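**Student:** Before we start, here is the structure in question, set down as structure tokens.
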Ligand SMILES: [Ca+2]
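Numbering (this note's numbering), first residue to last: 1162 to 1598.
Structure follows, in structure tokens:
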């Protein structure tokens, strides 16, 4: 049996808008079906809530401080591990359709036809003639969507690949529901702003100093603007759902659906007005926690997995599924066991961008900013992250334990071929001060 793999990545899709994650406002029949027949991961975290670094972690199976593609301008270094290259080395055809952000890492890139109505470039070029809603307040209705062409192209190529002798892997990258907020009808007016729920904790929570500027950037948005943005975002999610459904229908029509490992996820989330913030870049759940639905012939459908999991575990899972030995420099751990049934997995998950480092365990989330500011949340008692316990004298033992876990995470995952991190630690005198005491 050919062990085909399809990885579908949305851009900036927060988990809780989907019905599979408790959402009640957005029509997503195809993703609902995928969830009903697959395994839903309740606690999947991206390694960085920004496109380039997050996708570099997915491709390499490594944390951002390991692969060092730390921002959108830095492509994954060609010497880094790539599951696409590894699959090709093991007889797979590995293709990328739509956005991957990193195009030189083993994928055969299938071009997506571009027409005049093209509104957003696959490699994150500035929008072509389209205003970004978060900057201008403008919602654009366009004749058609780039993602529809991604779906068409993916389906055409699936037909070609299904007749090949060897197995295939396809990475399908959709741009929805990433801003600038441009949509064709009927999606553009599918949801009525006045019927949309307002975000959680729009204002009033403490804003860390390094996020203050970002917070102020969205202050122009009043409640009506946020409802408009949410309604349009939901339209983009429904468009995405249609495109995902096209790919699923094609896999079924080709008779390969049941035997294909299908992974659906997003590179990061979207704040969508929660705590006065939009887009991503922040360490809160709507930004760093991502949807993840897996269809596998090896697992019974309709299951949920509550274990803490990371995007880099998907990399390991793809290799594992293909029968490839997971190399030591891949830091992710295969989810194959969790797909088959309950089993122990990791105790903590980690994410970062330039301004902060985040670690969460089964109960607490710790965030350390590079200016020294800290956040600590009890996600069991306070899932909306409203009470920062970091400076609370009553929980200093918890804070110290979480800080130790963060430090141990670095020590246990540091790449010794990467001289940057040990040098950094030495400069801070950490080795001289006796780490681990
Ligand atoms: Ca993104």
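Note that the Cβ used here is the ideal one computed from N, Cα and C, for glycine as well. What you are looking at is a predicted structure, and each value in this text was computed from that prediction instead of being measured.
Extract the residue ranges of the beta strand (DSSP E) inside the stretch 1362 to 1417, only unbroken runs of 3 or more that lie entirely within it.
**Tutor:** The stretch 1362 to 1417 contains no whole beta strand (DSSP E) run of 3 or more residues.
**Student:** Taking only the alpha-carbon atoms, compute the straight-line gap between residue 1242 and residue 1220 and give it to the nearest angstrom.
**Tutor:** Taking the chain shown and counting its residues from 1, one reaches residue 1242 at position 81. Taking the chain shown and counting its residues from 1, one reaches residue 1220 at position 59. Cα-Cα distance, rounded: 8 Å.
**Student:** If you draw a straight line from the alpha carbon of residue 1359 to that of residue 1236, how long is it in whole angstroms?
**Tutor:** For this step, residue 1359 is matched to residue 198 along the chain shown. For this step, residue 1236 is matched to residue 75 along the chain shown. Looking at the two C-alpha atoms, the distance is approximately 37 Å.
**Student:** As an exercise, report each continuous beta strand (DSSP E) stretch of at least 3 residues that is fully enclosed by the stretch 1412 to 1455, in chain order.
**Tutor:** Those beta strand (DSSP E) runs which fall completely within the stretch 1412 to 1455 and span 3+ residues are 1422 to 1427.
**Student:** At a cut-off of 6 Å, is residue 1173 close to ligand 1 when judged by its beta-carbon and the heavy atoms of the ligand?
**Tutor:** Numbered from its first residue, the chain shown carries residue 1173 at position 12. Flag set: Cβ of residue 1173 near ligand 1.
**Student:** Rounded to a whole number of angstroms, what is the C-alpha to C-alpha distance between residue 1311 and residue 1169?
**Tutor:** If you number the chain shown from 1, residue 1311 lands on position 150. If you number the chain shown from 1, residue 1169 lands on position 8. Cα to Cα, the separation comes out at about 11 Å.
**Student:** Following the continuous alpha helix (DSSP H) through residue 1313, name the residue where it begins and the one where it ends.
**Tutor:** Your numbering for residue 1313 matches position 152 in the chain shown. Here the alpha helix (DSSP H) through residue 1313 covers 1307 to 1323.
**Student:** Can you list, in chain order, the residues of its chain whose CB lies under 7 Å from that of residue 1464, leaving out five sequence neighbours each side?
**Tutor:** Here residue 1464 refers to the residue found at position 303 of the chain shown. The answer, listed in chain order, is 1200.
**Student:** Please specify which runs of the alpha helix (DSSP H), each continuous and at least 4 residues long, are wholly inside the stretch 1162 to 1241, giving them in chain order.
**Tutor:** Listed in chain order, the complete alpha helix (DSSP H) runs (minimum 4 residues) inside the stretch 1162 to 1241 are 1190 to 1198, 1212 to 1221, 1225 to 1228.
**Student:** Excluding five sequence neighbours on each side, which residues of the same chain lie with their C-beta closer than 6 Å to the C-beta of residue 1277?
**Tutor:** Locating residue 1277 in the chain shown gives position 116, where the first residue counts as 1. Low confidence applies to residue 1277: its pLDDT is 37, below 50, so where it sits in the model is not reliable enough to give any reading.
**Student:** Give a single yes or no on whether residue 1428 has its beta carbon closer than 6 Å to a heavy atom of ligand 1.
**Tutor:** As a first step, residue 1428 is located in the chain shown; it is residue number 267 there, counting from the start. Yes - ligand 1 has a heavy atom lying nearer than 6 Å to the Cβ of residue 1428.
**Student:** Could you pull out every residue in the same chain whose Cβ sits closer than 6 Å to the Cβ of residue 1457, ignoring the five residues on either side in sequence?
**Tutor:** Looking up residue 1457 in the chain shown gives position 296. Excluding residues within five positions, the ones whose Cβ falls inside 6 Å are 1422, 1500.
**Student:** When the Cα atoms are used, what is the spatial distance from residue 1425 to residue 1393?
**Tutor:** Here residue 1425 corresponds to residue number 264 of the chain shown, with the count starting at 1. Here residue 1393 corresponds to residue number 232 of the chain shown, with the count starting at 1. For residue 1425 and residue 1393, the distance between alpha carbons rounds to 22 Å.
**Student:** Cβ of residue 1212 versus every heavy atom of ligand 1: is any distance shorter than 6 Å?
**Tutor:** Along the chain shown, read from residue 1 onward, the residue named residue 1212 stands at position 51. Yes.
**Student:** Using a C-beta cutoff of 7 Å, does residue 1411 count as contacting chain D?
**Tutor:** In summary, chain D is missing from the structure at hand, where a single protein chain is found.
**Student:** If you reduce the DSSP assignment to three classes, tell me which class residue 1514 lands in.
**Tutor:** On the chain shown, position 353 is the one that residue 1514 refers to. In this structure, residue 1514 counts as strand in the three-state DSSP scheme.
**Student:** Which residue from 1319, 1230, 1509 puts its Cα closest to that of residue 1413?
**Tutor:** Stepping through the chain shown from its first residue, residue 1413 is reached at position 252. The candidate whose alpha carbon is nearest that of residue 1413 is 1319.
**Student:** Can you give the Cα-Cα distance for residue 1185 and residue 1357, rounded to whole angstroms?
**Tutor:** Counting from one through the chain shown, the residue named residue 1185 turns up at place 24. Counting from one through the chain shown, the residue named residue 1357 turns up at place 196. Between residue 1185 and residue 1357, the C-alpha separation is close to 10 Å.
**Student:** Who pairs with residue 1548 in a beta bridge, going by DSSP?
**Tutor:** In the chain shown, residue 1548 corresponds to position 387, counting from 1. According to DSSP, residue 1548 bridges with nothing at all.
**Student:** Quick one, are the C-beta atoms of residue 1330 and residue 1438 less than 7 Å apart?
**Tutor:** As a first step, residue 1330 must be located in the chain shown, where it is residue number 169. As a first step, residue 1438 must be located in the chain shown, where it is residue number 277. No, the Cβ-Cβ distance between residue 1330 and residue 1438 is not below 7 Å.
**Student:** Below 7 Å CB to CB, which residues in the same chain sit around residue 1477 once its five sequence neighbours on both sides are set aside?
**Tutor:** Position 316 of the chain shown holds residue 1477. Only 1222, 1487, 1491, 1493, 1494, 1495 meet the Cβ criterion.
**Student:** Compare the Cα-Cα distances from residue 1503 to each of 1540, 1182, 1202, 1483 and report the closest residue.
**Tutor:** Translated into positions along the chain shown, residue 1503 becomes position 342. Measuring from the Cα of residue 1503, the nearest candidate turns out to be 1202.
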